[in-house]
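Note sheet for the following structure.
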Ligand SMILES: *Cc1c(COP(=O)(O)O)cnc(C)c1O
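Residue numbers (our numbering): 1 to 379.
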């Protein structure tokens, strides 16, 4: 690698144990879903999150779609969610004919602002979907209390939050359901993959049915019914056992992955502190009682022009940084299928213009880290 090789935003981490597990899955020959590796992955995810059960899915997007099916949403039902999130948080519910109601985020954590939730509730509201941005927990005590008061279901889009905690309790264990992503850009990955986490034992059986094309095939394989039939709405949401084999290797190495990622996150936060203070750049805020999972490291530049100039500056120095999220409430799909909560989303619109994410992956070398820090502080 030359001095000027571009440092990518993400380099999917491979532990080295994946090949042996893939070979084992191929030798055993059961490449369809719900084989031995899928069962191992399900158990590892459930244990990490402290959940009743977890079911591997083809993506976090599909796990969100499963949660929407399990909520039995009717057209016109409303689901409150942040505008500052990935598009799948919204599409999963819009696909059921439900209306995403987009609320603003907090200026500090960029999470759904719990103070905006109550004003967004109507007679049609069925659920609150939270997304723990960067794996820093939302104000779950307040959100759970509101949900209880109005009889709403909480779903956690926990794509960023595997291994994160809120007052000691794992994220993904708060909602009736939570969704995980094992996309190549996430801490633990198998290229494309996800999981639906179930914290209500009563939902597990139905979730298995939704995931198996709406059939009770899982019960059939356990010998609980003598033939399997179509019983519910569903689709094919289970990944091949090959992907599960790859994922088990990653899940078994999660402690090592997390140590590597935390080292980079902490180095950024320490080495960029002086520069950020001088330039009026805000670093991530992690309030007390939160253990974050070093999923992403972001900076908030003073304005849009500054953010664009900063991205160009990094690009010229071979550092691939990235921005996100385009506010959902103002996107063409958001305007067509959703509506904005009272008060609008001024914070979301503001931070979307100013945010930059730095490269963060477990295989980053000390030299790469040094080059990125130098590129940042020379701006
Ligand atoms: C990555 C991500 C998703 C989608 O995950 P896939 O596994 O790619 O479907 C959903 N929500 C959030 C917040 C994400 O970061």
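Virtual Cβ for every residue (Gly too), placed ideally from N, Cα, C.
Check, Outcome
"Heavy atom of ligand 1 within 7 Å of residue 329 beta-carbon", "no"
"Per-residue DSSP class, three states only, for residue 2", "Any answer about residue 2 is weak, because its pLDDT of 48 lies below 50 and its placement is not dependable; what the coordinates show is given next. Residue state, collapsed to three classes: coil."
"For residue 55 and residue 208, believed in contact at Cβ under 8 Å, the rounded distance", "7 Å"
"For residue 236, the three-state DSSP class (helix, strand or coil)", "strand"
"Touching by the beta-carbon criterion (3+ pairs, under 8 Å), the region 27-44 and the region 248-259", "yes"
"Chain-order list of residues whose beta-carbon lies under 7 Å from that of residue 62 (same chain, five-residue window excluded)", "194 and 237"
"Bounding residues of the beta strand (DSSP E) (the contiguous stretch that carries residue 99)", "99-103"
"Any non-hydrogen atom of ligand 3 within 7 Å of residue 306 CB", "With respect to ligand 3, the structure shown offers nothing to examine, as its ligands consist of ligand 1."
"Inside the region 108-186 only - beta strand (DSSP E) runs reaching at least 3 residues", "125-131, 153-157 and 177-181"
"Contact test: residue 86 Cβ vs ligand 1 heavy atom, cutoff 7 Å", "yes"
"Of the listed residues 325, 334 and 314, nearest to residue 4 (C-alpha basis)", "314"
"Alpha-carbon spacing of residue 96 relative to residue 68, whole angstroms", "7 Å"
"Residue interval of the alpha helix (DSSP H) (run including residue 334)", "332-337"
"C-beta atoms of residue 77 and residue 126 nearer than 8 Å", "yes"
"Residue interval of the beta strand (DSSP E) (run including residue 57)", "53-57"
"Heavy atom of ligand 1 within 7 Å of residue 59 beta-carbon", "yes"
"For residue 147, the nearest candidate out of 122, 94 and 133 (CA to CA)", "122"
"Nearest-angstrom Cβ-Cβ length linking residue 201 and residue 49, presumed shorter than 8 Å", "Not confirmed; about 14 Å, so no contact."
"Rounded C-alpha distance that separates residue 109 from residue 271", "21 Å"
"Residue 355 in three-state terms, based on DSSP", "strand"
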